[in-house]
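Visitor:
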Amino acid sequence: MAKEMNETMTWKELTAGGTIHTSGNAENFNTGDWRVNKPIFKEDKCIQCLLCAPVCPDTSIPVKDGKRLEFDYDHCKGCAICAEVCPVDAIEMIPEGQDE
Ligand code: SF4
Ligand code: SF4
1 MAKEMNETMT
11 WKELTAGGTI
21 HTSGNAENFN
31 TGDWRVNKPI
41 FKEDKCIQCL
51 LCAPVCPDTS
61 IPVKDGKRLE
71 FDYDHCKGCA
81 ICAEVCPVDA
91 IEMIPEGQDE
């Protein structure tokens, strides 16, 4: 039963919380489903400066052997930060589903 909390209580008096054992991790959730806009990689324009990869909050721009690869669309949420930082417009944002 939860106790009514007040500012004089110590942590020892707080009601114990629950623990979720089957929460998994972000890799198991396809957060790309949330996307409204989708980044398109224009490989022919890319100068491989790699400015885009570290700013992606979802680690959705893989880099291998010093080169960026295609987007990880399972996890990209379409925030467009990568497109903002690209100095040569090698990333175009389009409405989700328009390229299919
Ligand atoms: S649109 Fe946002 S989430 Fe998707 S790859 Fe670019 S920076 Fe990452
Ligand atoms: S920021 Fe633009 S030019 Fe630089 S690696 Fe990314 S896509 Fe290529």
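Counting in full-length UniProt numbering, the sequence shown runs from 1 upward without gaps. For every residue, glycine included, the Cβ atom is placed at its ideal position computed from N, Cα and C.
1) For the alpha helix (DSSP H) that residue 84 lies in, which residues bound it at each end?
2) If you draw a straight line from the C-alpha of residue 36 to the C-alpha of residue 97, how long is it?
3) Judging by CA-CA distance, which residue of 60, 49, 29, 30 is the nearest neighbour of residue 40?
4) Helix, strand or coil for residue 28, going by three-state DSSP, please let me know.
5) Where does residue 38 fall in DSSP's three states?
Guide: For this structure:
1) 81-85
2) Their Cα atoms are separated by approximately 9 Å.
3) 60
4) helix
5) strand
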